[in-house]
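With this note's numbering, you'll find the sequence shown wraps up at 234, consecutive numbering, no jumps.
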Amino acid sequence: MIPRCPSIDKRIFEVLTRLEEQSRKEKSGEVKVKHKDAMLAISFDTGIFFNILLKASKAKRILEVGTSTGYSTLWFADAVMSMGQRQNSQRLQDRKFITTIESNRSKVRRAEKNFSDAGVDSIVQIIQGQARSVLHSISKDPEAGKPGDLFDFVFLDADKENLPTYFNIVLSLVKPGGIISTDNMLYPEELRPQMQRFAKYIRKLPNVQSVTVPIGNGEEISMKLVE
Ligand SMILES: C[S@@+](CC[C@H](N)C(=O)[O-])C[C@H]1O[C@@H](n2cnc3c(N)ncnc32)[C@H](O)[C@@H]1O
């Protein structure tokens with residue numbers, strides 16, 4: 008049973024609760040699923056952490072690499088929705104504030120259902136495809152890189168092999184002062200050497216300030232500095 012979260016939209020929270028239960032069963036081995044079908048979701052604490060971070064920084068435009076079934080996306084969507092309510096914005100429903108990328112077709116379908124059940128499908132765009140080519144096409148969009156179209160927050164949570172490539176592309180798509188977060192900096196342990204090399208790489212970039220936060224599987228929080 009997960010704690011009550013009165014500040015989270017009721018419909019979103021109902022879907023989060025259902026997904027949290029599924030995630031718990033998968034992690035404990037109570038249900039057996041193939042690796043390609045597993046949720047591999049962020050932890051509940053990590054979800055709240057991002058939700059607070061996004062609300063406090065008033066982030067609206069969000070890009071996620073690695074949707075799975077949409078658990079993390081729902082925490083982001085709640086933050087965006089709450090901002091619309093604070094600003095009493097009727098136009099919130101008109102824009103896809105959140106773009107999320109997933110290569111696995113069946114997970115895309117599961118995420119679509121979860122977004123629809125949670126009432127956030129009008130603000131979330133799922134792009135099915137390989138992250139590298141989708142990110143390249145987003146970065147070639149004539150609107151990409153223009154101030155109004157830059158992202159406030161990017162979450163990197165797909166394959167780790169291409170992380171430096173993903174990071175470099177999204178760095179050009181994020182606002183100065185915006186944040187790129189990378190999952191799995193500390194766990195699973197077998198990824199640690201690779202993630203440490205990645206941390207070393209981004210900490211040498213002149214326009215990035217970065218730290219590993221030991222929550223969930225370890226979240227790298229990297230801010231793009233004003234150039
Ligand atoms: C750790 S899961 C994402 C979990 C999700 N962010 C959450 O917390 O609910 C990683 C996902 O990335 C997808 N993925 C892996 N490599 C990918 C790639 N190269 N392009 C797009 N998606 C990819 C996998 O299919 C998987 O669903």
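By construction, the Cβ of each residue, glycine as well, lies at the ideal position given by its N, Cα and C atoms.
Within the same chain, Cβ atoms closer than 7 Å to the Cβ of Ile209 are found at Phe174, Val215, Ser217 and Ser229, the five residues on either side in sequence being excluded. Between the alpha carbons of Thr24 and Asp190 lies a gap of roughly 21 Å. Here Gly77 is near Asn121, since their CB atoms are less than 8 Å apart.
With a beta-carbon spacing of about 5 Å, Phe158 and Arg68 fall inside the 8 Å limit used to define contacts.
If you check the C-beta of Tyr78 against ligand 1, you find a heavy atom less than 7 Å away.
In the displayed model, Gln137 falls within coil according to three-state DSSP, outside both helix and strand.
Using a Cβ distance threshold of 8 Å, Leu212 and Leu70 do not count as a contacting pair. Note that the C-beta distance between Asp85 and Asp16 is below 8 Å. About 6 Å separates the beta carbon of Val131 from that of Thr107, a gap short enough to meet the 8 Å contact definition.
Cβ-Cβ distances below 7 Å link Val22 to Leu81, Asn121, Asp124 and Ala125 in the same chain, with the five nearest sequence neighbours on each side left out; the list follows chain order. If you ignore the 5 residues before and after Gly73, its C-beta comes within less than 6 Å of the C-beta of Asp164 and Ala165, all in its own chain and listed in chain order. The C-beta of Val115 has 16 or more other C-beta atoms within 10 Å across all chains shown, which makes the residue buried. As summarised for the stretch 37-87, the continuous alpha helix (DSSP H) elements at least 4 residues long and confined to that stretch are 51-63, given in chain order.
In the three-state reduction of the DSSP assignment, Ile9 falls in the coil class, being assigned neither a helical nor a strand state.
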